[in-house]
Amino acid sequence: MFITATAPAKVILFGEHAVVYGKPAIAVPVSGIRASASLDTHVPDGHGLRIIAPDLEPARDVDDALSLTARLVFDALGTPLPDANVVVQSQIPIASGLGSGAAVSTALARVLSAAVDCPLDLATLNALIYEVEKVHHGTPSGIDNTVIVYERPVYFVRECPIEHIAIGMPFTLVIADTGQRAPTRESVGDVRKLLETQPEQTQPILDSIAEIAEAARFAIETGNAVELGHLMSSNHQLLQKLTVSSTELDTLIKAAESAGALGAKLSGGGRGGNMVALVTPESAKTIAQALMDAGAYRVISTLVS
Ligand code: PMV
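If you use the working numbering, the sequence shown corresponds to residues 518 to 822, in order.
Spelled out as structure tokens, the structure:
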């Protein structure tokens, strides 16, 4: 038996960091870039389960996350581990805000459960990947695993039922990578320190981010792209105040706005990783080029529909 399963990347459009404190956030899948896991049972009896990740950098937390994923899958299903080799691959850059960790674990869990002919339902898979996310992030809000497992735009509030958003009018995003790796765990920890040491300044920033996310949901549902762009740029200014932007992110965001983007912001943990710009289909190419000229390491476009 040879089977493959995949999972998409994701981009957070509104509410990162505030979502950790129970505020709403909005994320969409990026289906064009994916992680995959391919399982091959053509191995000798007693071979055991071997997970190989040739493209992922050797790192303790990657190994821990992969083996935890396998253990949780077989614990949930109550079946023994099959004899097989699994190759895990990913087109999603690591530690750059596109959900690489959650996508890799999701693809792996899918292929393992398919191998024993017990595909996990989405809710069980989501809960399982959330446990694995703790290895990468420490205190994840759960938004990454949710948008990746369901592969649908999501309005997410921690510990609340999942709400999928209807897209009033399809919109185009250009996503640009600063090329800087930035562990989410660190930026989340720094925001927590800020909230503890300067609550009077920090709490209102989180509250304003929540108001923006609410307004953005309405703009997405009603297809108001101009308003959505303004809201993205306002969200970015608040993220700057939370100290999670970087010179490189700000440079790319300015470049996108100067080239005609409707709005732009950092996406994910920040301090590096990716930014996202809302563009019209006609301006996408020009804005992508402007981002490359401004030093982006890689640029992709995606249609949210
Ligand atoms: O850096 P990413 O893509 O894993 O996104 C993290 C989003 C945060 O809100 C900063 C943290 C979280 O757990 O939601």
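Where is the CB? At the ideal position from N, CA and C, for every residue including glycine.
A quick note: this is a predicted structure, and the numbers were derived from the prediction, not measured.
With respect to 7 Å, is the separation between the Cβ of residue i and the closest non-hydrogen atom of ligand 1 below this value?
{"i": "Glu765", "result": "no"}
{"i": "Val579", "result": "no"}
{"i": "Val621", "result": "no"}
{"i": "Ile726", "result": "no"}
{"i": "Thr701", "result": "yes"}
{"i": "Ser762", "result": "no"}
{"i": "Asp661", "result": "yes"}
{"i": "Val536", "result": "yes"}
{"i": "Gly696", "result": "no"}
{"i": "Val604", "result": "no"}
{"i": "Ile729", "result": "no"}
{"i": "Ile529", "result": "yes"}
{"i": "Glu676", "result": "no"}
{"i": "Gly614", "result": "yes"}
{"i": "Glu744", "result": "no"}
{"i": "Pro657", "result": "yes"}
{"i": "Glu713", "result": "no"}
{"i": "Gly563", "result": "no"}
{"i": "His747", "result": "no"}
Under the rule that 16 or more other beta-carbon atoms within 10 Å means buried, what is residue i, buried or exposed?
{"i": "Leu755", "result": "buried"}
{"i": "His653", "result": "buried"}
{"i": "Ala776", "result": "buried"}
{"i": "Pro541", "result": "buried"}
{"i": "Thr656", "result": "exposed"}
{"i": "Thr714", "result": "exposed"}
In three-state DSSP terms, what is residue i?
{"i": "His534", "result": "coil"}
{"i": "Asn602", "result": "strand"}
{"i": "Ile569", "result": "strand"}
{"i": "Leu795", "result": "strand"}
{"i": "Thr695", "result": "coil"}
{"i": "His747", "result": "helix"}
{"i": "Thr689", "result": "strand"}
{"i": "Leu820", "result": "strand"}
{"i": "Pro721", "result": "helix"}
{"i": "Val666", "result": "helix"}
{"i": "Gln608", "result": "coil"}
{"i": "Gln757", "result": "helix"}
{"i": "Ser584", "result": "helix"}
{"i": "Ala776", "result": "coil"}
{"i": "Gln715", "result": "coil"}
{"i": "His564", "result": "coil"}
Write down the C-beta distance between residue i and residue j rounded to the nearest angstrom, noting that I regard them as a contact closer than 8 Å.
{"i": "Leu583", "j": "Leu625", "result": "6 Å"}
{"i": "Val605", "j": "Ala524", "result": "Rounded, the Cβ-Cβ distance is 11 Å, inconsistent with contact."}
{"i": "Ala794", "j": "Leu629", "result": "Contact doesn't hold; Cβ gap of about 37 Å is too wide."}
{"i": "Arg669", "j": "Pro546", "result": "7 Å"}
{"i": "Glu765", "j": "Thr695", "result": "4 Å"}
{"i": "Gln697", "j": "Ser763", "result": "7 Å"}
{"i": "Ala699", "j": "Gly786", "result": "6 Å"}
{"i": "Gly740", "j": "Met686", "result": "3 Å"}
{"i": "Leu748", "j": "Gly780", "result": "7 Å"}
{"i": "Phe688", "j": "Val821", "result": "5 Å"}
Which residue or residues does DSSP assign as beta-bridge partners of residue i?
{"i": "Leu556", "result": "Ile520 and Val603"}
{"i": "Leu783", "result": "Met792"}
{"i": "Arg551", "result": "Pro525"}
{"i": "Ala542", "result": "Phe673"}
{"i": "His681", "result": "Val671"}
{"i": "Arg815", "result": "Asp694"}
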